[in-house]
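Engineer:
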Amino acid sequence: LILFAAVEPVAILLGKISHWTIYALNVFIQKCNSFSFSVIDKIYANPYSTWILYALVTALCCWFLYKNKTWLKLSFLFLGIYAGLMIYARIEINRQQKIIIYNVSRQSAIDFIYKDQYFFVGDSILLQDALPKNFYLKPARVSMLLNESTVPFANLSIKKNLYKFGNKTLLLVNREFSVDSAAPKIKVDILLFTKSPKLSVKEVTSRIQPTIVVFDASNPLWKIAKWRSECESLTLHCHSVPEQGAYVFGF
652 LILFAAVEPV AILLGKISHW TIYALNVFIQ KCNSFSFSVI DKIYANPYST WILYALVTAL
712 CCWFLYKNKT WLKLSFLFLG IYAGLMIYAR IEINRQQKII IYNVSRQSAI DFIYKDQYFF
772 VGDSILLQDA LPKNFYLKPA RVSMLLNEST VPFANLSIKK NLYKFGNKTL LLVNREFSVD
832 SAAPKIKVDI LLFTKSPKLS VKEVTSRIQP TIVVFDASNP LWKIAKWRSE CESLTLHCHS
892 VPEQGAYVFG F
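Using this note's numbering, the first residue of the sequence shown is number 652, and each one after it goes up by one.
#1: Given this structure, state the Cα-to-Cα distance separating E881 from D774, to the nearest angstrom.
#2: Express the C-alpha separation of V855 and L736 in angstroms, rounding to a whole number.
#3: Would you say D867 and V839 are within 8 Å of each other, going by their C-beta atoms?
#4: Would you tell me roughly how many angstroms separate the C-alpha atoms of I668 and I742, rounded to the nearest one?
#5: Kindly indicate which residue of L725, Y695, T721 has the alpha-carbon position closest to the one of L707.
#6: Is the region 727–736 in contact with the region 796–803, if contact means three or more CB pairs nearer than 8 Å?
#7: What residue range is occupied by the uninterrupted beta strand (DSSP E) comprising A833?
#8: For T672, which beta-bridge partners are listed by DSSP?
#9: Given this structure, state the Cα-to-Cα distance separating S746 from K766, to the nearest angstrom.
#10: Measure the beta-carbon distance from L821 to I841 and round it to whole angstroms, keeping in mind my assumption that it falls under 8 Å.
#11: How should Y739 be labelled, buried or exposed, when 16 other C-beta atoms within 10 angstroms of its C-beta is the threshold for buried?
#12: Would you kindly report the start and end of the unbroken beta strand (DSSP E) that includes K815?
#13: Quick check: the Cα distance between K815 and I703, rounded to an integer number of angstroms?
#14: For K849, collect the residues of the same chain with a Cβ closer than 8 Å to its Cβ; drop the 5 residues on either side in sequence, then sort them by chain order.
#15: The beta strand (DSSP E) with K749 in it runs from where to where?
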């Protein structure tokens, strides 16, 4: 186009050809993506498995080009290493039990993870809108080879704001939560402030004894700063998700 800019008719013709060529290419890609079998989803790969796959493909290409058995032996070696990595990953997946509080701007998002399943608790928009779900949640779930569970696990019990997962407990402090001054003091592993509750840390911890206090990204930063100051004065361990990143509690 730059070369023929001085020749206006030719430049216009080339511009139209470029426009319609790009348009046709985009339409073709969209049509291909619409096929159910066109995209393979949830492919697990870590840096080690990726480099081993590169080495495997390179060795196979060299064997095909040079017909040298050494390259074929190397191919089998890399294939064995890759299989070992996948077996190890699967063993680790079947042993995992975690609670993840994600850093999603102005939203509440929690995954209870047991083996290769996750149970989601949080804002419904993250179930409906593909963009934030794919950007914030999907990468972590794919890296842990997780599948969605629509019902709570057998070892996950839910009673209002209290979640008991195995032998660990998580208590949600939201706008609906209230402190019962007559209730006995209870211990929880995670005390999660979400959706900008009006309660102070001191008020809540008068009846709740947490191992850690977590503030998720649905709370404004000025309020989190205030709560963190309270935690420091009360010598409570705390974690600010929007400032320190997602909180992962593995056990």
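Note that beta-carbon positions come from the ideal geometry of N, C-alpha and C, so glycine has one too. Computed from a prediction, not measured in an experiment: that's the story for all the values here.
Structural biologist: Let me lay it out:
#1: 27 Å
#2: 46 Å
#3: Taking 8 Å as the cut-off, the beta carbon of D867 is found no closer than this to the beta carbon of V839.
#4: Rounded to whole angstroms, I668 and I742 show a C-alpha spacing of 55 Å.
#5: L707 has its Cα closest to that of L725, out of L725, Y695, T721.
#6: no
#7: From DSSP, A833 is part of no beta strand (DSSP E); its letter is neither H nor E.
#8: T672 is not bridged to any residue.
#9: Correcting the residue identity first, residue 746 is Arg in this sequence and not Ser. Distance between the alpha carbons of R746 and K766: 6 Å.
#10: 4 Å
#11: So Y739 ends up on the exposed side.
#12: 813–816
#13: 40 Å
#14: R826
#15: 748–752
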